[in-house]
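Peer 1:
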């Protein structure tokens with residue numbers, strides 16, 4: 001199975017601050033990567049797919065980049081509503097696998 | 108609009124069988140695949156298996172032969188059955204539509220395995 005390693009496990013950011021979350025795959029996943037945001041008591045919501053494509057309705061302050069085994073999610077200006085847990089997921093091979101999550105809090 | 112909704116028992120006894128239903132609306136099961144994803148409390152997500160649009164199924168080997176996914180297209184429902192439940196199967200179970208990625212999710216159903 002493809003292992004997905006996320007870092008950091010948690011971070012706190014101030015309003016307006018730029019936030020970057022990293023995700024590393026155990027093998028090349030050819031940009032087959034998605035990012036999800038999950039808020040307490042809610043289901044995950046798709047933010048980014050194909051490593052860098054923004055899902056409809058997602059604010060443009062979210063962006064994704066990367067290739068091969070290394071990927072990142074950037075929030076260009078932290079907002080209150082961005083608090084939550086972020087997961088990366090590889091969609092190249094079954095079984096689909098997720099990172100352990102990054103908990104983002106407002107400082 | 109696209110919606111998915113899971114239903115099923117919240118409590119299952121150890122060694123018993125879990126049966127969940129995912130009822131979808133706003134899209135056809137013959138056009139999109141529907142997957143089941145599990146989440147242990149506060150932890151990461153685990154892909155369990157999927158029902159493809161043509162009726163084919165695929166499962167995570169971590170669940171070996173315990174898991175079965177089926178559907179009733181006339182009722183727009185996808186079913187999950189998993190036997191020999193243990194306490195470590197406690198968690199929230201989601202169904203999600205996949206159009207390359209999981210673009211729509213149900214609200215999840217919390218399942219507790221306990222005697």
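Chains as they are written, first to last, in our numbering: chain A, 1 to 107; chain B, 108 to 222.
Built from N, CA and C at the ideal position, the CB exists for glycine as well.
#1: Chain B partners of residue 30 of chain A, CB-CB under 7 Å?
#2: Does any CB atom of chain A fall closer than 8 Å to the CB of residue 132 of chain B?
#3: Could you work out which residues of chain A lie near residue 209 of chain B, taking near to mean beta carbons separated by less than 8 Å?
#4: Residue 212 of chain B versus chain A: which residues are under 7 Å apart at the beta carbon?
#5: Step through the CB atoms of chain A and report whether any lies within less than 8 Å of the CB of residue 140 of chain B.
#6: Starting from the beta carbon of residue 86 of chain A, find every residue of chain B whose beta carbon is closer than 7 Å, and list them in chain order.
#7: My understanding is that residue 90 of chain A touches residue 32 of chain A, with C-beta atoms under 8 Å, so please give their C-beta distance in whole angstroms.
#8: Is the distance from the Cβ of residue 9 of chain A to the Cβ of residue 151 of chain B below 8 Å?
#9: Of all the options B:111, B:125 and B:108, which has the alpha carbon lying nearest to the alpha carbon of residue 221 of chain B?
#10: With DSSP run on the structure shown, which of helix, strand or coil describes residue 114 of chain B?
#11: What's the gap between the Cα of residue 56 of chain A and the Cα of residue 44 of chain A?
#12: Excluding the five sequence neighbours on either side, which residues of its own chain have a C-beta within less than 6 Å of the C-beta of residue 74 of chain A, listed in chain order?
Peer 2: Checking against the coordinates, here is how it stands:
#1: By 1-based counting over the first chain, the position of residue 30 of chain A is 30. Within chain B, no residue comes near residue 30 of chain A; the closest Cβ sits about 13 Å away, beyond 7 Å.
#2: Sequence index remark: in the second chain, residue 132 of chain B carries index 25 (1-based). Not an interface residue.
#3: Locating residue 209 of chain B in the second chain gives position 102, where the first residue counts as 1. Ordered by position in chain A, the residues that pass the 8 Å Cβ test against residue 209 of chain B are 34, 36, 44, 46 and 89.
#4: By one-based count along the second chain, residue 212 of chain B stands at place 105. Simply 43 and 44.
#5: Working through the second chain from its first residue, we reach residue 140 of chain B at position 33. Cβ-Cβ to chain A under 8 Å: no for residue 140 of chain B.
#6: Position 86 of the first chain holds residue 86 of chain A. The contacting residues do not exist; residue 86 of chain A stays about 11 Å from chain B at best.
#7: Numbered from 1 along the first chain, position 90 holds the residue referred to as residue 90 of chain A. Numbered from 1 along the first chain, position 32 holds the residue referred to as residue 32 of chain A. That pair is a contact at about 6 Å.
#8: Position 9 of the first chain holds residue 9 of chain A. Position 44 of the second chain holds residue 151 of chain B. Contact flag unset, no.
#9: The residue given as residue 221 of chain B occupies position 114 in the second chain. Taking only the C-alpha atoms, the option nearest residue 221 of chain B is B:125.
#10: For the purposes of this step, residue 114 of chain B is identified with residue 7 of the second chain, where counting begins at 1. Residue 114 of chain B: strand per DSSP, three-state reduction.
#11: The residue given as residue 56 of chain A occupies position 56 in the first chain. The residue given as residue 44 of chain A occupies position 44 in the first chain. The alpha-carbon atoms of residue 56 of chain A and residue 44 of chain A are separated by roughly 15 Å.
#12: Translated into positions along the first chain, residue 74 of chain A becomes position 74. So the qualifying residues of the chain are 20 and 63.
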